[in-house]
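Residue numbers (this note's numbering): 3 to 141.
Contents: one structure, followed by commentary.
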């Protein structure tokens with residue numbers, strides 16, 4: 003897991019990419035935004051570097067179904083445990099994903115999320131209860 007931090011103070015924003023090794027868009031977003039000056043602090047996290055190098059969705063298990071993780075678990079369970087610790091002080095978390103089929107852009111939230119209004123996208127998907135307790139969005 004690669005973690006890079008810029009700035010200090012609030013708000014504390016984290017951007018996560020590379021949760022799935024076959025979804026490179028999150029890494030590209032992080033590379034594009036790297037060094038961006040903002041009021042507050044910005045933390046970039048490239049989550050599953052090994053799966054990204056293999057261009058595979060995961061190494062042993064789907065990282066986005068491995069939360070809250072295990073300190074001594076498999077590769078992704080250990081990453082999930084570490085990732086939650088890295089995100090524990092964040093005010094806002096943006097977890098960037100892509101799909102394997104052609105689809106319009108959309109935002110996924112849990113419940114009513116005021117941040118969704120700032121994304122000029124036609125679709126907002128409420129994932130409340132989906133993969134409850136095992137996905138990053140529910141952790």
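Where is the CB? At the ideal position from N, CA and C, for every residue including glycine.
Notebook entry, point to check: Are residue 71 and residue 86 close, meaning C-beta to C-beta below 8 angstroms?
Noted result: yes
Notebook entry, point to check: Quick one: complete alpha helix (DSSP H) runs, 4+ long, within the stretch 9–56?
Noted result: You should have 27–35 and 51–56.
Check: What's the C-alpha gap between residue 97 and residue 138?
Finding: 8 angstroms
Checklist line | Per-residue DSSP class, three states only, for residue 111 | finding: strand
Check: Do the stretch 55–64 and the stretch 27–45 meet, that is, are 3 or more Cβ pairs less than 8 angstroms apart?
Finding: Taking a cut-off of 8 angstroms for Cβ pairs, the stretch 55–64 and the stretch 27–45 do not touch, as fewer than three such pairs fall below it.
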